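In case it helps, the numbering used here puts the sequence shown at residues 142 to 535.
From the three backbone atoms N, C-alpha and C, an ideal C-beta is built for every residue, glycine too.
Nothing here was measured: the structure is a model prediction, and the numbers come from that model.
These notes concern the structure reproduced below.
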Amino acid sequence: MASYLWYGVDADQQHQHGLIQAQGVSHLRSLLAQQGVGLNQHYRITFWHRRPYSVPSKVACELLQRWRQLLNANIPLLDCMRLALPSQPSITLRWQLWLLYQGLQQGNQFSQLLGQQRLLPTYQVAILAAGERQADLASAMGQIIRQQQQIISISQRIKRNLIMPGITLIAGIVVCMLVLFLLIPNIVQLVANSGSSLPLATQWLLGAANWLEQNGLLLIFGLGTVMLVIGLLLRTSIGLRWGRRAINFIPLWGAIGKLQNECLMLQLLAGSQGSGVPILLALEQCQKAARDRTLAKQIANIHQLLTSGLLLSEACARSGWRESQVILLRVAENTGDLESAFKFMSQQLESQLFDLINYLTKLIEPLTTLLVATLIGGLVIAIYLPLMQMGSLL
142 MASYLWYGVD ADQQHQHGLI QAQGVSHLRS LLAQQGVGLN QHYRITFWHR RPYSVPSKVA
202 CELLQRWRQL LNANIPLLDC MRLALPSQPS ITLRWQLWLL YQGLQQGNQF SQLLGQQRLL
262 PTYQVAILAA GERQADLASA MGQIIRQQQQ IISISQRIKR NLIMPGITLI AGIVVCMLVL
322 FLLIPNIVQL VANSGSSLPL ATQWLLGAAN WLEQNGLLLI FGLGTVMLVI GLLLRTSIGL
382 RWGRRAINFI PLWGAIGKLQ NECLMLQLLA GSQGSGVPIL LALEQCQKAA RDRTLAKQIA
442 NIHQLLTSGL LLSEACARSG WRESQVILLR VAENTGDLES AFKFMSQQLE SQLFDLINYL
502 TKLIEPLTTL LVATLIGGLV IAIYLPLMQM GSLL
């Protein structure tokens, strides 16, 4: 017996789906026919499809957008789960959404189920939880969609700006390989026939060419294996977490990640204040959702200082917040509008984030050109040194 996730239409032309045990597709059709359901699609569920799964950013954005449209049309959330699917959902995603549907039928909270199944990042689950408390889940989904679109836009911008540096780097590597394998051996033979000795730089290049000739295939295989293993690890939650920590050590990129995390935290605080969530509970959610250890410790320190009786502005000042942010919080405490203050601070950080990304993308191309020019320039010098030495002997 195997488990099949099926989709069909009943006698009233209503779309139905469910999970059933069957010996095969024909047996599945027979069982559904007894219930008055015509089978449209079926998927066999294996142990691989039951593994923990995180929805990719683009798929999550598309799925939340469809749910939001249905919610704005006053369609119940349970029907949204049944009616809306991404354009090309995987079997694993279909299985996870079916589990989500079953949990909602049992009366569980939407955000709680998402957190248990780990379908979305923790900070997004916290935003949805705040939307549920305010009874405005569609707005919370809209906030997540805007954040995801911003992250996708940043990623696409960086990829576009990496195209020309990547082409330059590949072209430089190809030129270096051609020089090492075709030109250097001929020059070495020419120098040997003239009875001259090879300069040290040319000897290094000859050694590099001989090493690549002997171990080139092994090197390519090793690099391919390492890239494959890293790609598979990044598909897991643990590997993705370690990958984010490793990226933070890259110059400028760590600053981008820090700004992005702070911006997401402030947006979460703004959404929590707008939905009437107490500040202490909102800080607890931010601490759980923080993807940066330093930021999580800072939030925990603010929470501890607030419980000791300090004002929010004083707690943030002692925890290392910028002076401009502390002043804004003091004004917001007097007016009672913390939501607007958090929104304004998140917009400021978002502007700084885009400025830093623009600076980084403009810096990549000249650095790549400098690297390629250094490599090719070193090769040219190593090639001309023996030729100049031979010319001095003539």
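Trp147, DSSP secondary structure in three states: strand
Would you mind giving the Cβ-Cβ distance between Met282 and Trp383, rounded to the nearest angstrom? I have them listed as a contact below 8 Å. Their Cβ separation, rounded to whole angstroms, is 29 Å, which puts Met282 and Trp383 out of contact at 8 Å.
Provide the residue span of the beta strand (DSSP E) that contains Asn356, from first to last. Taken as a continuous stretch (DSSP letters only), Asn356 belongs to no beta strand (DSSP E), being part of the alpha helix (DSSP H) at Leu341 to Leu374.
The segment 422-432 touching the segment 399-414, judged by at least three CB pairs closer than 8 Å: Because the criterion of three Cβ pairs below 8 Å is met, the segment 422-432 and the segment 399-414 touch.
Extent of the continuous alpha helix (DSSP H) run through Gly395: Trp394 to Gly415
Ile216 - DSSP class collapsed to helix/strand/coil: coil
Tell me whether Glu237 is buried or exposed, calling it buried when 16 or more other Cβ atoms sit within 10 Å of its Cβ. The sequence as given places Gln at residue 237; Glu does not occur at that position. Buried.
Kindly indicate if chain C contains any beta-carbon less than 8 Å away from that of Leu424. No chain C appears in this structure, which consists of one protein chain only.
Please state whether DSSP places Arg459 in a helix, a strand or coil. helix
For Leu180: DSSP bridge partner residues: Gly149
Leu261 in three-state terms, based on DSSP: coil
Would you kindly work out how many angstroms separate the C-alpha atoms of Gly159 and Pro262, rounded to a whole number? 27 Å
Below 6 Å CB to CB, which residues in the same chain sit around Gly256 once its five sequence neighbours on both sides are set aside? Here Gly256 has Val266 as same chain residues with Cβ atoms under 6 Å from its own Cβ, once five neighbours each way along the sequence are excluded.
Would you please state the rounded distance, in angstroms, between the beta carbons of Leu520 and Leu346? I believe it to be under 8 Å. 7 Å
So, do the segment 411-428 and the segment 446-457 have three or more beta carbon pairs nearer to each other than 8 Å? Inter-segment contact for the segment 411-428 and the segment 446-457 is present: three or more beta-carbon pairs are separated by less than 8 Å.
Can the beta-carbon of Trp147 be found closer than 8 Å to that of Leu169? yes
Could you say if the segment 345-359 and the segment 321-331 meet the contact criterion of at least three C-beta pairs nearer than 8 Å? yes
Inter-residue Cα distance where the pair is Arg434 and Arg386: Going by the C-alpha atoms only, they are around 9 Å apart.
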